Amino acid sequence: MSLRRNSSMDSSIASDDLSDSMSKLMCMVKQSKKVFVGTYTEKRYVQSVPTYRDIVSIDKEETEVIKCLIEIQKVVRKEFGQQKFLGITCNMENNSIVNYNLWVELDQVPLGKHWFQIRSLKMNQNSIQLQLKYLRPYKDKEQALFFNDSKDLAAFDIKQVKRNCIDRFIALDL
742 MSLRRNSSMD SSIASDDLSD SMSKLMCMVK QSKKVFVGTY TEKRYVQSVP TYRDIVSIDK
802 EETEVIKCLI EIQKVVRKEF GQQKFLGITC NMENNSIVNY NLWVELDQVP LGKHWFQIRS
862 LKMNQNSIQL QLKYLRPYKD KEQALFFNDS KDLAAFDIKQ VKRNCIDRFI ALDL
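Structural data, given as structure tokens:
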């Protein structure tokens, strides 16, 4: 009987350790609220979860976020091994990491480069994923060359353009 108590106490201690390290991790993620640039590349079906996930590729320059992702991977793999799908992967090329990808759920974000914020860590029965908040599209200096947001340019009035077109068509008929 005492043997059973010890083994049950061991399992409760192990579950306490598990919940403690995971709660610390969840707290760390929630408090960090890291803002980063990522590229929403595609939506893919994940068989182990069975649902679709949006893939956000993290920019290489986002070293603080990448460090955070590596720490999350370590803790989750230590606690769960391969039991749960972790929504953090990396692409390898010539035995080196090219980039990190987050497998998340986004709400109507267009494909492309955007600013995101890490909000929290979501645990399901068979998966763990980061919760992201979409902030805004990313604009860099190259885009500024193509798009001029200057206030010096005249405002575009579609009604005036339509009127001009109608006036021209009327003039052609006369």
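Every number in this note's numbering is 741 more than the matching position in the sequence shown, counting from 1.
C-beta atoms are modelled at their ideal positions from N, C-alpha and C, and glycine is treated no differently.
Nothing here was measured: the structure is a model prediction, and the numbers come from that model.
- In this chain, the alpha helix (DSSP H) harbouring L810 covers 804–821.
- Nearest Cα to K784 within the set V778, R794, K775: R794.
- Annotated as distal: V770 and L873, with beta-carbon spacing of 7 Å or more.
- The DSSP-derived three-state label of S762 is helix.
- Rounded to the nearest whole angstrom, the CA to CA distance from N867 to T792 is 12 Å.
- The residues V816, K819, E820, in chain order, have a CB closer than 8 Å to that of S762 in the same chain once the five nearest residues on each side in sequence are set aside.
- If you ignore the 5 residues before and after L852, its C-beta comes within less than 6 Å of the C-beta of Y781, all in its own chain and listed in chain order.
- Around the Cβ of E803, a 10 Å sphere holds 16 or more other Cβ atoms; the residue is buried.
- In this structure K774 is in contact with I859, their Cβ atoms being roughly 6 Å apart against a cut-off of 8 Å.
- In this structure, DSSP gives D848 a state outside helix and strand, which the three-state scheme calls coil.
- Rounded to whole angstroms, the Cβ separation of I813 and F777 is 14 Å, and the two are not in contact under 8 Å.
- DSSP places V790 outside both helix and strand once states are collapsed to three, so it counts as coil.
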